[in-house]
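Engineer: Take a look at the following structure, please.
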Amino acid sequence: MKLFLVDDHPVVRAGIAALVSGEADMEIVGEAADADDALRLIALRRPDVVLMDLQLGDGPDGVAATRKVRALDPAPQVLVLTTYETDADIVRAIDAGATGYVLKACPPDELFQAIRAAARGETALSPRVATRMMRRMRDPGPALTAREIEILELLARGAGNREIAKALFITEATVKTHLNHVYGKLGVDTRTGAVSKAIELGHIRR
């Protein structure tokens with residue numbers, strides 16, 4: 001099967017390529033450090049599986065890249081390979097069309113099994129990711145909307161209402177409305193409390 005690597009760290013790409021070189025049924029047909037190069041080269045090389053990191057420098061992230069890759073014709077399978085394991089990251093990646101979600105800390109054999117499963121169109125999740133998803137299904141906790149999670153992520157970076165409104169192309173009044181909903185769902189009454197609770201519940205990254 002033909003693989004394509006998308007990761008903004010050259011050392012990581014080299015390490016994955018070295019691991020895969022020992023597998024007789026796998027071949028690296030290309031690699032890229034950002035979403036734009038990835039899309040251009042994937043369309044040319046037509047891999048079976050794309051190994052996609054979530055953090056890709058200053059450009060579009062791995063979720064946006066995954067959505068565009070899955071819109072190609074023919075569309076390769078996308079296996080997310082990342083260090084991030086928050087509920088928000090996992091759900092966003094799967095919603096974008098990722099076939100699987102594997103953590104970089106996984107053993108090589110687990111990665112190889114996930115790649116082969118993805119190539120067959122089967123769901124492949126690291127055990128820790130699968131555990132998080134099962135826990136989420138059993139005890140979903142407060143259901144935050146995608147927009148509320150976006151606002152929380154911006155809050156965690158220190159953005160004020162005006163900056164959030166500008167980043168999301170909404171009014172400051174709308175930001176305040178979303179924040180009030182977030183406070184109610186999380187059982188907090190401050191911005192700091194909302195960020196802390198969201199991190200604790202795995203909605204956003206630390």
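29 is the number that UniProt numbering gives to position 29 of the sequence shown; each next residue is one higher, with no gaps. C-beta: ideal position from N, C-alpha, C; glycine also.
Between A143, V20, E27, A38, which lies nearest to A198 when the distance is taken from Cα to Cα?
Structural biologist: To locate residue 198, count along the sequence shown from 1; it is residue 198. Cα-wise, what sits closest to A198 is A143.
Engineer: Taking the straight line between their C-alpha atoms, what separation do you get for P10 and A33?
Structural biologist: Working through the sequence shown from its first residue, we reach residue 10 at position 10. Working through the sequence shown from its first residue, we reach residue 33 at position 33. Cα to Cα, P10 sits roughly 8 angstroms from A33.
Engineer: Thinking just about the alpha-carbon of each residue, which of D7, F169, L152 is nearest to the one in L186?
Structural biologist: Position 186 of the sequence shown, counted from the start, is the residue given in the question as residue 186. Of D7, F169, L152, the residue nearest in Cα terms is L152.
Engineer: Just the C-alpha distance for L154 and A165, rounded to the nearest angstrom, thanks.
Structural biologist: Residue numbering aside, residue 154 sits at position 154 when the sequence shown is read from its first letter. Residue numbering aside, residue 165 sits at position 165 when the sequence shown is read from its first letter. Cα-Cα distance, rounded: 10 angstroms.
Engineer: Rounded to a whole number of angstroms, what is the C-alpha to C-alpha distance between M1 and G30?
Structural biologist: Position 1 of the sequence shown, counted from the start, is the residue given in the question as residue 1. Position 30 of the sequence shown, counted from the start, is the residue given in the question as residue 30. The alpha-carbon atoms of M1 and G30 are separated by roughly 13 angstroms.
Engineer: What does a CB cutoff of less than 7 angstroms around residue 207 pick up in its chain, not counting 5 residues either side in sequence?
Structural biologist: It is not possible to answer for residue 207, since the shown part of the chain is limited to 1 through 206.
Engineer: Mapping DSSP to helix, strand and coil, what is G97?
Structural biologist: Residue numbering aside, residue 97 sits at position 97 when the sequence shown is read from its first letter. Looking at G97 - three-state DSSP - the assignment turns out to be coil, as it is neither helix nor strand.
Engineer: Let me check one thing: in DSSP terms, what residues is Q55 bridge-paired to?
Structural biologist: For the purposes of this step, residue 55 is taken as the residue at position 55 of the sequence shown. None, per the DSSP bridge assignment.
Engineer: Taking the alpha carbon of D53 as the point to measure from, which residue in D89, D95, R162, P74 has its own alpha carbon closest?
Structural biologist: For this step, residue 53 is matched to residue 53 along the sequence shown. Selected option, being the one with the closest Cα: D89.
Engineer: Does the region 79 to 97 come within contact of the region 35 to 53, defined as at least 3 CB pairs closer than 8 angstroms?
Structural biologist: Output reads yes: the region 35 to 53 touches the region 79 to 97.
Engineer: By a C-beta neighbour count over all protein chains shown, 10 Å radius and 16 as the cutoff for buried, is G100 buried or exposed?
Structural biologist: For this step, residue 100 is matched to residue 100 along the sequence shown. Label assigned to G100: buried.
Engineer: Mind checking which residues open and close the alpha helix (DSSP H) that includes L186?
Structural biologist: Sequence index remark: in the sequence shown, residue 186 carries index 186 (1-based). Start and end: 172 to 186.
Engineer: At what residue ranges does the UniProt domain "Response regulatory" (2 to 119) contain a whole run of the beta strand (DSSP E), taking only runs of 3 or more?
Structural biologist: DSSP runs (the beta strand (DSSP E)) wholly in the UniProt domain "Response regulatory" (2 to 119): 2 to 6, 27 to 32, 49 to 52, 77 to 82, 100 to 103.
Engineer: Pop quiz: I115 and L72 are said to be a contact at Cβ under 8 angstroms. What is the actual Cβ separation, rounded to whole angstroms?
Structural biologist: Mapped onto the sequence shown, residue 115 falls at position 115. Mapped onto the sequence shown, residue 72 falls at position 72. About 19 angstroms; that fails the 8 angstroms criterion.
Engineer: What residue range is occupied by the uninterrupted alpha helix (DSSP H) comprising S196?
Structural biologist: On the sequence shown, residue 196 is found 196 positions in, with the first residue counted as 1. Segment 191 to 200, the alpha helix (DSSP H) holding S196.
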